[in-house]
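K.L.:
In the working numbering, the protein residues as written are 47 to 378.
Heads up, the beta-carbon is just placed ideally off N, CA and C, and yes, glycines get one too.
Quick caveat, the model's predicted, so the values are computed rather than measured.
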């Protein structure tokens, strides 16, 4: 059963040089009790999608239902059923961690006793017992993130929206937050997660929707999306950049699609169907051609590989979005 369902969402912003279409007919379905990841570069429409589904913005056209409630017809009812954690921790630095959570409970009219009890419970769940009574201004980035996420759970929402929750975190903090999200889903919470990291989507999501240009351009599990750009990629590092043209011809012969060449003309890679077999063939042909290598091997596709195949451009190019689109996305 779908707990989030959107059809034909559009959202356009005025900008210099013409309107920016942040959403251009986006369709989305999220089954109850699952994690859906919206994967895409900056400016793709991920944050605008979250803003519409959480009632922060009205769509120009289309419909969206969250937890059985139309987001336009009854936004207050939607807000009572959801929790939201944005890209930046929304905490009061002068208050302690406990006081931040207690304040959120009071704002939701939980009552003094219930708010304090819920705040203490969440402090324990998020492993902040030693820091819960200290001002947030002294917290690390990871601790701020955990308090912000805890705040989104004060009302025990049916649906949790996480907009790039681990951006800027160190690897240890990121792994800790992943564990918390996994436990929440095991307890029955539905999560809609936006991210730029394929690894994060791979770790957390039951299903991934790839967003670009305000539309869903591909859907599936992480493995299914990787399979669309080749199950593996053969990677070689040349000793001499002058050998690049010959090496490109070898990779074209054994690869599935056009090989990629680094700017220094030493690194090459190509998608392949049979990883081990293709690697053996590439190494044999390069050896016959007298090409020396620093290194060679196989790797799984990355986010750049997925986007290069699906959109025709790597994510770093997509991230260099025009200022108009950046402004339209608001928090980007």
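(1) Quick one: give me the first and last residue of the beta strand (DSSP E) that residue 144 is part of.
(2) Please report the straight-line C-alpha distance between residue 295 and residue 309, rounded to a whole angstrom.
(3) CB-CB under 6 Å to residue 97, same chain, minus the five flanking residues each way: which ones, in chain order?
(4) Between which residues of its own chain and residue 123 is the CB-CB distance below 7 Å, once the five residues before and five after are set aside?
(5) Tell me whether residue 126 sits in a helix, a strand or coil according to DSSP, three-state version.
(6) Rounded C-beta distance between residue 169 and residue 157? I'm assuming under 8 Å.
(7) Who are the near neighbours of residue 371 in its chain, counting only those whose CB is closer than 7 Å to its CB and skipping five residues on each side?
(8) Taking 6 Å as the limit between beta carbons, can you name the residues of its chain near residue 54, skipping five residues before and five after?
(9) Can you check whether the CB of residue 342 is closer than 8 Å to the CB of residue 281?
(10) In the DSSP assignment, find the beta strand (DSSP E) that holds residue 49 and state where it starts and stops.
(11) Within its chain, find whatever has a CB closer than 7 Å to the CB of residue 339; leave out the 5 residues flanking it on each side and keep chain order.
(12) Exposed or buried, which one is residue 49 when buried takes at least 16 other CB atoms within 10 Å?
(13) Should residue 304 be labelled buried (16 or more other beta-carbon atoms within 10 Å of its own) or exposed?
(14) Please classify residue 82: is it buried, with 16 or more other beta-carbons within 10 angstroms of its beta-carbon, or exposed?
(15) I'd like to confirm the pairing. Which residues does DSSP put opposite residue 82 in its beta bridges?
(16) Between residue 124 and the ligand MN, is the CB less than 7 Å from at least one heavy atom?
(17) Hey, quick one: how far does the alpha helix (DSSP H) through residue 230 stretch, first residue to last?
(18) Tell me the residue span of the beta strand (DSSP E) that contains residue 73.
(19) Go to residue 280, then tell me how far its beta strand (DSSP E) extends in each direction, as first and last residue.
(20) Out of 251, 328, 348 and 93, which one is the CA nearest neighbour of residue 130?
(21) Look up residue 265 in the DSSP assignment and give the residues it is bridged to.
(22) Name the residue from 76, 174, 64 and 80 whose alpha carbon lies nearest to the alpha carbon of residue 99.
(23) Among 224, 260 and 202, which has the Cα closest to the Cα of residue 234?
(24) Buried or exposed: which applies to residue 47, given that a residue is buried once 16 or more other Cβ atoms fall within 10 Å of its Cβ?
(25) Measure the Cβ-Cβ separation of residue 337 and residue 267 and say whether it is below 8 Å.
(26) Anyone know if the C-beta pair for residue 84 and residue 255 falls short of 8 Å?
(27) Which residue from 51, 306, 183 and 301 puts its Cα closest to that of residue 329?
(28) For residue 310, which of helix, strand or coil comes out of DSSP?
(29) By the DSSP assignment, the beta strand (DSSP E) with residue 197 in it spans what residues?
(30) For the candidate residues 196, 95 and 78, whose alpha-carbon lies nearest to that of residue 113?
(31) In terms of residues, what are the limits of the beta strand (DSSP E) holding residue 109?
(32) Please name the residue in 244, 334 and 259 whose C-alpha comes closest to that of residue 270.
(33) Got a sec? Which residues, its chain only, sit under 6 Å from residue 58 by beta carbon, not counting five neighbours each side?
P.N.:
A quick look at the data gives this:
(1) Counting along the chain, residue 144 falls outside any beta strand (DSSP E), though it belongs to the alpha helix (DSSP H) covering 143-153.
(2) When rounded, the distance between both Cα atoms is 17 Å.
(3) Closer than 6 Å at the Cβ level, and outside the excluded window around residue 97, lie 103.
(4) Excluding sequence positions up to five before and after residue 123, its CB lies within less than 7 Å of the CB of 115, all in the same chain and listed in chain order.
(5) Coil, per DSSP.
(6) That belief does not hold up - the Cβ atoms of residue 169 and residue 157 are roughly 18 Å apart, past 8 Å.
(7) For residue 371, the pLDDT reaches just 37, beneath the cut-off of 50, and the residue's location in the model is therefore unreliable, although a value from the coordinates is still provided. The beta carbon of residue 371 is closer than 7 Å to those of 66 and 89 in its chain, skipping five residues each way along the sequence.
(8) Correct list, in chain order: 71 and 108.
(9) Against a cut-off of 8 Å, the Cβ pair of residue 342 and residue 281 comes out as a contact.
(10) Per DSSP, residue 49 is one residue of the beta strand (DSSP E) stretching across 48-59.
(11) Closer than 7 Å at the Cβ level, and outside the excluded window around residue 339, lie 282, 283, 284, 285 and 332.
(12) Around the CB of residue 49, 16 or more other CB atoms lie within 10 Å, so the residue is classed as buried.
(13) Exposed, because fewer than 16 other Cβ atoms sit within 10 Å of the Cβ of residue 304.
(14) Under this definition residue 82 is a buried residue.
(15) For residue 82, which the question treats as bridged, DSSP gives the partners 238 and 253.
(16) Absence of the ligand MN is noted for the structure shown, with no ligands found whatsoever.
(17) Boundaries of the alpha helix (DSSP H) harbouring residue 230: 217-232, taken from the DSSP string.
(18) For residue 73, the enclosing beta strand (DSSP E) covers residues 66-77.
(19) Where residue 280 is concerned, the enclosing beta strand (DSSP E) stretches over 278-284.
(20) Considering only alpha carbons, the answer is 93.
(21) According to DSSP, residue pairing for residue 265 in a beta bridge involves 255.
(22) When only C-alpha atoms are compared, the closest one is 76.
(23) Residue 202 is the option with its Cα nearest to residue 234.
(24) By the beta-carbon neighbour count (other beta carbons within 10 angstroms, threshold 16), residue 47 is exposed.
(25) Cβ distance not < 8 Å, so residue 337 and residue 267 don't count as in contact.
(26) Yes. Within cutoff.
(27) It is 301 whose Cα lies nearest to the Cα of residue 329.
(28) Coil at residue 310, not helix or strand.
(29) Premise fails: residue 197 lies in the alpha helix (DSSP H), 187-198, not in any beta strand (DSSP E).
(30) That would be 78, whose Cα lies nearest to the Cα of residue 113.
(31) That run of the beta strand (DSSP E) goes 107-112.
(32) Scanning 244, 334 and 259 for the CA closest to the CA of residue 270 turns up 244.
(33) Hits under 6 Å: 65, 67 and 106.
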